[in-house]
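Q:
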Amino acid sequence: MCGIVGYIGNKNTKEILLEGLKELEYRGYDSAGIAVLQNGTFSNYKAVGKLVNLEEKTKDFTTKDFAVGIGHTRWATHGKPTELNAHPHLGESSYVVHNGIIENYAELKKELTQKGVVFLSQTDTEVIVHQFEKNLKTPLEPFEAFAKTIGELQGAYAILLVTKSQPETIYFAKHGSPMIVGINAENEKYFASSDTPLIGQCSDVHYFEDGDYGYVTPKEIAIFDKSGIKKQPLFKKLSTNKLSAQKEGYRFFMEKEIYEQSVVLADTLMGRISDKEIRFDELPHDLFEGVQEIKLCACGTSYHAALTASYLFERHAKIKTSVEIASEFRYREPIMSKDTLFVVISQSGETADTLETLKMAKEAGLKTLVICNVDNSSMVRLADAAILTRAGIEKGVASTKAFATQVAVFWMLSLYVAGERKSLPKEEIERQITLLREVPATVKVDDATHEQLKRLSKRYLHGHGFFFIGRDVFYPLALEGALKLKEISYLHAEGYPSGEMKHGPIALADPELFTIALLPQHMLYEKAKSNVEELSARDSTICAVSAVAFDKADDFIPIGVCKDYMLEFFEMMVVLQLLALEISIRLGNDVDMPRNLAKSVTVE
Ligand code: G6P
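Residue numbering for the sequence shown follows this note's numbering, beginning at 1004 and increasing consecutively.
1. Measuring from the CB of S1349, is there a heavy atom of the ligand G6P at a distance below 7 angstroms?
2. Would you kindly check if the distance between the Cβ of L1344 and the Cβ of I1297 is under 8 angstroms?
3. When you compare the CB positions of I1545 and K1555, do they come within less than 8 angstroms of one another, or not?
4. Using the Cβ count rule (16 or more neighbours within 10 Å means buried), how would you classify R1077?
5. Taking the alpha-carbon of D1033 as reference, which of A1079, K1060, F1406 and G1498 has the nearest alpha-carbon?
6. Applying the criterion that 16 or more other CB atoms from any shown protein chain within 10 Å of the CB defines a buried residue, is G1006 buried or exposed?
7. DSSP state of R1589, grouped into three classes?
8. What does a CB cutoff of less than 7 angstroms around M1569 pick up in its chain, not counting 5 residues either side in sequence?
9. Give me the Cα-Cα distance between I1322 and M1526, rounded to the nearest whole angstrom.
10. What do you reckon, is the C-beta of K1489 under 7 angstroms from a heavy atom of the ligand G6P?
11. Residues in the same chain with beta-carbon distance under 7 angstroms from L1020, minus the five sequence neighbours each way, listed in chain order, please.
12. Would you tell me roughly how many angstroms separate the C-alpha atoms of T1199 and T1452, rounded to the nearest one?
13. Can you tell me where the alpha helix (DSSP H) with F1146 in it begins and where it stops?
14. Roughly how many whole angstroms lie between the Cα atoms of S1247 and L1201?
15. Going by beta carbon distance, what residues of the same chain come within less than 6 angstroms of L1156, once the five residues before and after it are set aside?
16. With DSSP run on the structure shown, which of helix, strand or coil describes H1075?
17. When every heavy atom of the ligand G6P is checked, does at least one fall within less than 7 angstroms of the C-beta of L1600?
18. Roughly how many angstroms separate the alpha carbons of D1278 and R1318, rounded to a whole number?
19. Can you tell me whether S1603 sits near the ligand G6P, meaning its C-beta is under 7 angstroms from at least one heavy atom of the ligand?
20. Express the C-alpha separation of H1133 and L1115 in angstroms, rounding to a whole number.
21. Please tell me whether, using a cut-off of 7 angstroms, the distance from the CB of S1305 to the nearest non-hydrogen atom of the ligand G6P is below it.
22. Of the residues R1254, D1542 and V1051, which one's Cα is nearest the Cα of G1591?
23. Find the nearest neighbour of K1067 within the set R1462, K1017 and F1572, judged by alpha-carbon distance.
24. Who pairs with N1102 in a beta bridge, going by DSSP?
25. In three-state DSSP terms, what is K1362?
26. Compute the minimum distance between the beta carbon of A1388 and the heavy atoms of the ligand G6P, and state whether it is under 7 angstroms.
27. Inspect the beta-carbon positions of P1523 and F1469 and report whether they are closer than 8 angstroms.
28. Let me confirm a value: F1064 is counted as buried when at least 16 other C-beta atoms fall within 10 Å, else exposed. Which label applies?
29. Does DSSP put H1288 in a helix, a strand or coil?
30. Using the Cβ count rule (16 or more neighbours within 10 Å means buried), how would you classify G1274?
31. Give every residue of the same chain whose Cβ lies closer than 6 angstroms to the Cβ of K1151, excluding the five residues on either side of it in the sequence, and list them in chain order.
32. Taking the straight line between their C-alpha atoms, what separation do you get for L1582 and T1354?
33. Residue range of the beta strand (DSSP E) that Y1010 falls in?
34. Quick check: what's the CA-CA separation for F1135 versus G1507?
35. Between which two residues does the beta strand (DSSP E) containing Y1210 stretch?
36. Quick test of your reading: L1538 and I1509, contact by CB under 8 angstroms. State the CB separation rounded to the nearest angstrom.
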């Protein structure tokens, strides 16, 4: 999804902007651009595709001494990924970059066009710069013109604007899309749409709130809230640990992140499990008091973690639990009762639809909790309580280690609530705690399995589709396996509950339909096996994943013998991630940045 950087200072502005954009690459984008204002002159470069294209275009462009600059990576929403649609967008003498969506852009564009303004792009963003310049001519001082413009916009935005009429200033506005300003001892000012580009550059950062707008100069950071009242920045120390993931010999970040799961899961468990109980010191002690229902809400992979959690909460904590896809929940006029704990799950903490449901729940007066991987993200700042998953920066667009840590947190949380409510015998909680301790070892990638999957992958590059099937928590895992494959191989894959096959999907069964069957020894093994046999009888090609040998399978991927179905879950998760990875590599795809996808979807 789109990313923003900005800089005011004396260093090499071009390099700082490009380096900042590189740190945002993992979010997914299809074009990029920068605009630099130096000695009263603008330089603007844009390129479609990867940042190397922009680097190539700017190779003869140099900046030194004082300059102001803004940069952007664009993930197309309004208009195709072309150079004209890439940001920054130009008016007569100003440039703008924007994340989010301007919902009333069509009306504004119509009015501006009637006044003779010529638009170069198909984007919603371009109206911002033209509207600003219209207001500037009314005549207004540049900041007044900017404030007026912001008041005229509807929708979600994080905006930076630079103009020749105030050449040492960057104007900013934030509403519904993240934006941060950072400072350092050298009196430089940086902007970014997330922490990552600022780590190593800034010592302190201020997170803008929704409705904030203002300007930054070498001397001043002026912030106004939505009522126009000036407020002081609230600086927080920025971590100096770049954690800037390097591939460390792995072919792709996704592969590295699959291998890292053992370490990050150990981090997730750290300090949260003792021999007898689960502890979440970060939670208010009364969070679950009076809670009769849990509602989980998320998108994509996080939704699959939520679905897994719903089985665990009902099984362990005996609390009625429902799961919602955030984009659906937003508009279906849901009934929200105050005895419901509303839980959002998000790797990034910025997904627009999920964030909006959190706002809805807060407005309805529900208690809220977020399970998130990014501290200080919008959701973490908004929810009443937060549990951080501690997966570290995830760069691969296809989520792996974030999912693993989400499920581990939910497993722990279900036992934590079970402990509070005494819904499971103490001995059972203790037994499951010993299982949790085994998770980091369980997800260590087995060399032989990885080798087998590398070889096997060549048999699964064609066909008319994949079914991933499982029962109980292995159904959400099947959905996740299918999503992983879809995301990075572009092959058609669907996840189904094994028991549903005979209600329609089995009509597709033939040798060119590949069924990836999850057959855990400790969860409904016999029932799941008969479902697979029904598919095998109709000649579907079966690839079984199990600890128990299965003679009806065309291919068999063995997992280690585990004591419990949840450990089988984690082992199978790794198998499905590696299978998707190896198929994608064989197909020659860009595993880390698959086509059309974005790491963090900050528009609805
Ligand atoms: C995007 C990503 C997915 C992710 C989903 C939800 O679609 O490509 O990998 O699962 O957003 O993201 P979140 O950050 O809220 O977990």
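Heads up, the beta-carbon is just placed ideally off N, CA and C, and yes, glycines get one too.
A: Taking the coordinates as given:
1. yes
2. yes
3. yes
4. buried
5. A1079
6. buried
7. helix
8. W1414 and L1438
9. 21 angstroms
10. no
11. V1008, Y1010, I1037, G1072 and G1074
12. 34 angstroms
13. P1145 to E1155
14. Unreliable placement is indicated for S1247, whose pLDDT of 44 sits below 50; the coordinate value is still reported in the next sentence. Their Cα atoms are separated by approximately 12 angstroms.
15. I1105
16. strand
17. yes
18. 21 angstroms
19. yes
20. 7 angstroms
21. yes
22. R1254
23. K1017
24. A1161
25. helix
26. no
27. no
28. exposed
29. coil
30. exposed
31. N1138
32. 27 angstroms
33. G1006 to G1012
34. 56 angstroms
35. D1207 to Y1210
36. 6 angstroms
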